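S.K.: The first sequence begins at 12 in our numbering and counts up by one. Cβ coordinates follow ideal geometry from the N, Cα and C atoms, glycine included. Predicted model, so just to flag it, every value in this text is computed and none were measured. My questions will all concern the structure given below.
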Amino acid sequence: MSNSDFFDRVYKVVEQIPEGRVTSYGAIAKAIGAAKSSRTVGYAMNACVKLDRDLPAHRVVNRNGVLTGKHHFPGQDTMQRLLEEEGLVIKNDQIQNFKTIFWEPPVSQGFKL
DNA sequence: GACTTGACAATCC
DNA sequence: AGGATTGCCAAGT
């Protein structure tokens with residue numbers, strides 16, 4: 012607790028995203044018990060890049076399966092390229108079969124109850 | 001220290 | 001069905 016543990020939870024969830032799968036900001040937010048804080052999740056991702064984290068931020072997209080944050084990566088096509096390397100199919104910044112490769116993050120077990 | 005912005009999402013007209 | 005509004009949290013100005 013204390014100290015933006017919100018970010019901490021976000022990072023923890025994102026870190027657990029399996030390779031070849033993707034999730035949405037809202038799903039992560041919900042997993043950490045802040046379903047309405049999806050914006051902050053995205054913000055945490057932006058910060059994670061600056062922090063040089065190993066977080067697979069490219070596996071995190073909005074609920075439409077669109078690479079909304081691709082513009083924040085080093086190079087505008089970095090995000091799509093990384094996803095394609097994992098076997099995903101992306102068309103026009105839109106993940107194909109998004110629903111199929113969607114990965115729902117497990118609810119953290121220590122934040123509340 | 002108040003106001004604005006931001007890689008979203010759900011709700012209301 | 002689609003545009004507009006609100007919620008939420010953190011960081012920047």
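Can you tell me which of Phe18, Glu95, Glu96 puts its alpha carbon nearest to the alpha carbon of Val60?
M.R.: Position 49 of the first sequence, counted from the first residue, corresponds to residue 60. Checking every option, the nearest Cα to that of Val60 belongs to Phe18.
S.K.: Give the secondary structure of Gln105 by DSSP, where H, G and I count as helix, E and B as strand, and everything else as coil.
M.R.: As a working note, residue 105 is residue 94 in the first sequence. The answer is strand: DSSP assigns Gln105 an E or B state.
S.K.: Threshold first: 4 residues or longer. Then list the alpha helix (DSSP H) segments lying entirely within the segment 34-93, N to C.
M.R.: Runs found: 36-42, 49-61.
S.K.: Just curious, the alpha helix (DSSP H) that His21 is in, first and last residue?
M.R.: Position 10 of the first sequence holds residue 21. Rather than His, the amino acid found at residue 21 in this sequence is Val. Looking at the DSSP string, the run of the alpha helix (DSSP H) that includes Val21 is 16-26.
S.K.: Leaving out the 5 sequence neighbours to the left and right, which residues in its chain are closer than 8 Å to Asp88 when beta-carbon positions are compared?
M.R.: If you number the first sequence from 1, residue 88 lands on position 77. These residues qualify, in order along the chain: Lys81.
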